[in-house]
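Notes to accompany the following structure.
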Amino acid sequence: MKAAVTVKENYEFRRIYRKGRSAVSPYFVMYCLKNRAGASRLGVTVSKKLGHAVVRNRVRRRIRELYRLNRDKMRPGWDVIVVGRGRSAAGPYQKMNEAYLDCLRRLSLLREEGEA
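Heads up, this note's numbering is the position in the sequence shown plus 22, with the first residue counted as 1.
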């Protein structure tokens, strides 16, 4: 994923946590906030409580893949942060995808039918 489409700075994360909306699933917590740019950006955080580095990196890769595969279904111009939770390390990928789409739906980030 290119650096231009990721949220990296600490102040950006804090702003999205503080001013954004959130949705919770068993696999992750999703925060979103409208940005001024035309493109959506993704930030991923995984706590050390989840496990050692191999486990945390696997969770990050799975979340980035969920974003990549569903990016065309999202409305553009949003900053999205996904915080990995315990079940995301070993949960079935299909269930994670359903939970991801459900969170997008609850946050009104899914494109409507016929929307460009």
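All residues carry an ideal CB built from backbone N, CA and C; glycine is no exception.
When you compare each of the options to residue i by their alpha carbons, which one comes out closest?
{"i": "Arg82", "options": "Val27, Asn32, Ser110 and Lys117", "result": "Ser110"}
{"i": "Arg84", "options": "Tyr49, Ser130 and Glu34", "result": "Tyr49"}
{"i": "Trp100", "options": "Lys117, Gly42 and Gln116", "result": "Gly42"}
{"i": "Phe35", "options": "Ala45, Tyr53 and Ser47", "result": "Tyr53"}
{"i": "Arg40", "options": "Val27, Lys56, Thr28 and Ser47", "result": "Lys56"}
{"i": "Ser47", "options": "Arg80, Glu134 and Lys117", "result": "Lys117"}
{"i": "Gly113", "options": "Leu72, Glu134 and Leu91", "result": "Leu72"}
Grab me the residues of residue i's own chain with a C-beta within less than 7 Å of its C-beta, minus the 5 sequence neighbours each way, in chain order.
{"i": "Pro98", "result": "Gly60, Ala61 and Ser62"}
{"i": "Leu129", "result": "Arg43, Ala45, Met52 and Cys54"}
{"i": "Thr28", "result": "Arg63, Leu64 and Gly65"}
{"i": "Asn119", "result": "Leu88"}
Please go through the same chain and pick out, in chain order, the residues whose beta-carbon is closer than 8 Å to the beta-carbon of residue i, but skip the five residues on each side of it.
{"i": "Leu146", "result": "It is not possible to answer for residue 146, since the shown part of the chain is limited to 23 through 138."}
Taking its Cβ as the centre, do 16 or more other Cβ atoms sit within 10 Å of residue i, making it buried, or is it exposed?
{"i": "Ala121", "result": "buried"}
{"i": "Arg78", "result": "buried"}
{"i": "Tyr115", "result": "exposed"}
{"i": "Tyr33", "result": "exposed"}
{"i": "Leu88", "result": "buried"}
{"i": "Val76", "result": "exposed"}
Less than 7 Å between the CB of residue i and some heavy atom of the ligand SAH, yes or no?
{"i": "Val77", "result": "Looking for the ligand SAH in the displayed structure turns up nothing, as the structure carries no ligands at all."}
Using a Cβ-Cβ cutoff of less than 6 Å, which residues in the same chain neighbour residue i once the five nearest sequence positions on both sides are dropped?
{"i": "Arg80", "result": "none"}
Query raised in the report: Whole beta strand (DSSP E) runs in the stretch 39 to 110 with 3 or more residues, listed along the chain?
Result: For the stretch 39 to 110, whole beta strand (DSSP E) runs of length 3 or above, ordered along the chain, are 43 to 46, 50 to 56, 63 to 68 and 100 to 106.
Requested in this report: Report yes or no: do three or more beta-carbon pairs, one from the stretch 67 to 76 and one from the stretch 100 to 110, lie closer than 8 Å?
Outcome: In this structure the stretch 67 to 76 lies against the stretch 100 to 110, because at least three pairs of beta carbons, one per stretch, are closer than 8 Å.
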